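Peer 1: Quick one: the structure is below, questions incoming.
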Amino acid sequence: MPSGSPSVSSARPELLAPAGDFEALRAAVANGADAVYFGLDDFNARHRAENFTLESLAETMRFLHTHGV
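The sequence shown: position 23 = 466 (this note's numbering), numbered continuously.
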């Protein structure tokens, strides 16, 4: 490789997907997402978006961890 060239990595890029609700979260996981991001009650920049609730967080995280996400 010529000097000064950026190194080429053979690492697989991470697939990060948004999840506005549990259905979208399940779809992201089923279609190979390595990680997902979502809003939580008042902890979301998009207040009009559907959000996950604080009460559903434990179940949501259990689902993600069970599926390796």
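Glycine included, each C-beta is placed from N, C-alpha and C at the ideal position.
Here the structure is a predicted model, which is why all the values come from computation and not from measurement.
1) What are the boundary residues of the alpha helix (DSSP H) that L500 is part of?
2) So what's V472 in DSSP terms, helix, strand or just coil?
3) Can you give me the C-alpha to C-alpha distance between F495 and E457, rounded to a whole angstrom?
4) I'd like the list of long-range same chain contacts for D484, defined as Cβ closer than 7 angstroms, with 5 residues on each side in sequence excluded.
5) By the three-class DSSP mapping on this structure, what secondary structure does A454 have?
Peer 2: Concretely, from the data shown:
1) Your numbering for residue 500 matches position 57 in the sequence shown. Residues 500 to 509.
2) By one-based count along the sequence shown, residue 472 stands at place 29. Looking at V472 - three-state DSSP - the assignment turns out to be helix.
3) Position 52 of the sequence shown, counting from 1, holds the residue named residue 495. Position 14 of the sequence shown, counting from 1, holds the residue named residue 457. Rounded to whole angstroms, F495 to E457 spans 23 angstroms at the Cα level.
4) Counting from 1 along the sequence shown, the entry for residue 484 is found at position 41. Closer than 7 angstroms at Cβ, skipping near neighbours: N494, T496, L497.
5) Along the sequence shown, read from residue 1 onward, the residue named residue 454 stands at position 11. Reduced to three states, the DSSP call for A454 is coil.
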